[in-house]
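A quick write-up on the structure given underneath.
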Amino acid sequence: MNFSEFEQLLNAKKNLHPIWFELPSDSAATEEDITETQNDLALRLPVEYRQFLLKHGGGYFALGIVYSLDRDSDFNLARINRQHPLIGKCHLLFSENGCGDFYGFRIEKNQCLAEVCFFDHETQAWQQTGYPELFSFLAEVALSI
Numbered sequence: 001m002n003f004s005e006f007e008q009l010l011n012a013k014k015n016l017h018p019i020w021f022e023l024p025s026d027s028a029a030t031e032e033d034i035t036e037t038q039n040d041l042a043l044r045l046p047v048e049y050r051q052f053l054l055k056h057g058g059g060y061f062a063l064g065i066v067y068s069l070d071r072d073s074d075f076n077l078a079r080i081n082r083q084h085p086l087i088g089k090c091h092l093l094f095s096e097n098g099c100g101d102f103y104g105f106r107i108e109k110n111q112c113l114a115e116v117c118f119f120d121h122e123t124q125a126w127q128q129t130g131y132p133e134l135f136s137f138l139a140e141v142a143l144s145i
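The numbering of the sequence shown is full-length UniProt numbering, which starts it at 1 and goes up by one.
Structural data, given as structure tokens:
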């Protein structure tokens, strides 16, 4: 799913289910915020995640949570990843399900891959999800398609 398709789906869901979007979201990121975070974490974020951060910020997002670059947020990307160094050793955590499990992007040579992975806290292992990128993940998990 590309950014334009995601935005069309999002607008349709906002019209159908406005209550899903009542919780406050985090501030949208700037290009400077993204550059600073990438330098701080010594990696490159996936293109789709950067697009999402610039447009929507993160935090509460419909029926899901997406970590943001908002320093004042409970869902700050860098802070959460520092709190879980073993889980995030080879992955960048970007979301959670509220039950102790995380979603992340695998990191190879300081580049986050687009594919979404799942960390199961019970097995303490990462698994593939079948979501090729963030927008497909959000469409199903946060926008409930």
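Even for Gly, the Cβ is constructed at its ideal location relative to N, Cα and C.
Exercise for review: Using the Cα positions of Ala12 and Phe52, report the straight-line distance between them to the nearest angstrom.
Suggested key: Here residue 12 refers to the residue found at position 12 when the sequence shown is read from its first residue. Here residue 52 refers to the residue found at position 52 when the sequence shown is read from its first residue. Rounded to the nearest angstrom, the two C-alpha atoms are 17 Å apart.
Review point. Taking the alpha-carbon positions, what's the Phe102 to Ile65 distance?
Key: Position 102 of the sequence shown, counting from 1, holds the residue named residue 102. Position 65 of the sequence shown, counting from 1, holds the residue named residue 65. Cα to Cα, Phe102 sits roughly 11 Å from Ile65.
Point to revise | Cβ neighbour criterion (16 or more within 10 Å) applied to Gly104 | key: Your numbering for residue 104 matches position 104 in the sequence shown. By the 10 Å Cβ count, Gly104 comes out buried.
Exercise for review: Rank Leu138, Leu86, Tyr60 by C-alpha distance to the C-alpha of Asn76 and give the top, closest one.
Suggested key: Residue mapping note: residue 76 aligns to position 76 of the sequence shown, counting from 1. The residue with the shortest Cα to Cα distance from Asn76 is Tyr60.
Check your understanding: What span of residues does the beta strand (DSSP E) with His91 cover, start to end?
Key -> Translated into positions along the sequence shown, residue 91 becomes position 91. 91-96 is the extent of the beta strand (DSSP E) around His91.
Check your understanding: Should Thr37 go down as buried or exposed, given a rule of 16 or more other Cβ atoms within 10 Å for buried?
Key -> Taking the sequence shown and counting its residues from 1, the one referred to as residue 37 is at position 37. Buried is the call here.
**Study point:** Rounded C-alpha distance that separates Phe135 from Glu48
**Key:** Looking up residue 135 in the sequence shown gives position 135. Looking up residue 48 in the sequence shown gives position 48. Distance between the alpha carbons of Phe135 and Glu48 is about 7 Å.
Practice item. Mind listing, in chain order, the continuous alpha helix (DSSP H) runs of no fewer than 4 residues lying wholly within the UniProt domain "Knr4/Smi1-like" (28-140)? Key: 31-41, 47-56, 77-83
Exercise for review: Helix, strand or coil for Ser25, going by three-state DSSP, please let me know.
Suggested key: Stepping through the sequence shown from its first residue, residue 25 is reached at position 25. In this structure, Ser25 counts as strand in the three-state DSSP scheme.
**Study point:** Proximal residues to Ala78 (C-beta, below 7 Å), its chain only, five neighbours per side dropped
**Key:** Counting from 1 along the sequence shown, the entry for residue 78 is found at position 78. Hits under 7 Å: Thr37, Asp40, Leu41.
Review point. Apart from the five residues just before and just after Leu46, which ones in its own chain have a Cβ nearer than 8 Å to its Cβ?
Key: Taking the first residue of the sequence shown as position 1, residue 46 is located at position 46. For clarity, residue 46 is Pro in the given sequence; the question names Leu instead. Excluding residues within five positions, the ones whose Cβ falls inside 8 Å are Phe105, Cys112, Leu113, Ala114, Glu133, Leu134.
**Study point:** Reference Asp70, options Gln83, His56, Leu63, closest by Cα
**Key:** Translated into positions along the sequence shown, residue 70 becomes position 70. Checking every option, the nearest Cα to that of Asp70 belongs to His56.
**Study point:** Nearest candidate by alpha-carbon position, reference Val141, set Val116, Leu86, Ile80
**Key:** Taking the sequence shown and counting its residues from 1, one reaches residue 141 at position 141. The candidate whose alpha carbon is nearest that of Val141 is Val116.
Review point. By a C-beta neighbour count over all protein chains shown, 10 Å radius and 16 as the cutoff for buried, is Glu96 buried or exposed?
Key: Here residue 96 corresponds to residue number 96 of the sequence shown, with the count starting at 1. That one is buried.
Check your understanding: Under a Cβ-count criterion, where at least 16 other Cβ atoms within 10 Å of its own Cβ denotes burial, should Ile80 be classed as buried or exposed?
Key -> Residue 80 sits at position 80 when you count from the first residue of the sequence shown. With 16 or more other Cβ atoms within 10 Å, it is buried.
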